[in-house]
Every structure is written in structure tokens, then in C-alpha cells.
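In what follows, a structure is listed as C-alpha cells, so that the remarks can point back to it.
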Amino acid sequence: MPKISATNNKSLFIKFVIKSLLSSALCVVLLSLLSSAVFLKLDIDLKYAEYVSFVICAAASFATAYACMIDFKSNYLLMSVLSSSILVIFTIINSVVNKNSLAMTIIRIAVILLSAILAALFKTVRKRR
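Dropping the structure here:
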């Protein structure tokens, strides 16, 4: 568990970016598949899918941030927010392509960042025990 310094950490950051990309994609895909299966099995109206997307964003952000912080022993807040930046970019692109409202996009970004901060706080509390 290395500390972050300014010297010779190129491989550490490359691993971090790859882990962030893979865990973000995996979490979003798995949670989307799970939610669509629930919608199909329970025959839930699709107007609720927009609200379920907030839960998917929060869970994916928390899981991604927590998974990416495993290799570090300090700077949890910075690492969790950086790991969730992939999800923020995905949310912005998704909002532009699907022409979602600006308010919903801002709320999703806030949910992603708050979940990442909660993951950092959770990791810090667990480390102190």
C-alpha cells in the first residue's frame, strides 16, 4: 500500500486509471442489468427508471471508489473523487446524447460525488479500527 508521492509513480497511476475504468464499467453494467431484470419481472412502469438511475449512480460510485482505494493507505478523499470522475464523464455524455434535463444531470453528478466522499469516509473509519 504505497503512499502517493511525486516520484516514479507512473505505473501506480496507470493501474489506478485502469482499475477505475474497469470497475466503473462493470458496476454500471451489472447494476443496470439487475435493475432492468427487476423492472421486467415486477412489471414496473418505466417512468420510475429515471429515479432508479440515481441509485445506480450512487452504488456504482461507492463501489468504484472503494475498489480503487484498496491499493492506497492515504489520500482516500482525493482517490475516491478521482475514481468517480469516470462516472461523471459518463453521466455528462449520457445526458447530452439522451437530451436529459440539466437539473437531473447536476443531481446525478452530486449523487456520484457524495457517494465517493462517503466511500472515503467509510474507508477512513474502517482503517482507524
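Using the working numbering, the first residue of the sequence shown is number 2, and each one after it goes up by one. The beta-carbon is built from N, C-alpha and C at its ideal position, and this holds for glycine as well. Predicted model, so just to flag it, every value in this text is computed and none were measured.
Assigned secondary structure, residue i (DSSP; H/G/I helix, E/B strand, else coil)
{"i": "Ile45", "result": "coil"}
Contact check, residue i vs residue j, beta carbons under 8 Å
{"i": "Ile87", "j": "Ser12", "result": "no"}
{"i": "Ser84", "j": "Thr65", "result": "yes"}
{"i": "Ala59", "j": "Val126", "result": "no"}
{"i": "Ile57", "j": "Ser36", "result": "yes"}
{"i": "Ala61", "j": "Leu32", "result": "yes"}
{"i": "Ala104", "j": "Phe63", "result": "no"}
{"i": "Ser89", "j": "Ile107", "result": "Per the sequence presented here, residue 89 reads as Val, with Ser not at that position. The answer is no: Cβ separation not under 8 Å."}
{"i": "Ile118", "j": "Ser81", "result": "yes"}
8 Å Cβ cutoff, residue i in contact with chain B
{"i": "Ala60", "result": "Absent here is chain B; the protein component of the structure consists of one chain."}
Kindly provide the ranges of any alpha helix (DSSP H) runs that are 4 or more residues long and lie completely inside the segment 60 to 104, ordered along the chain. 77 to 84, 86 to 99
Would you list, in sequence order, the uninterrupted beta strand (DSSP E) runs of no fewer than 3 residues that lie entirely inside the segment 16 to 43? none
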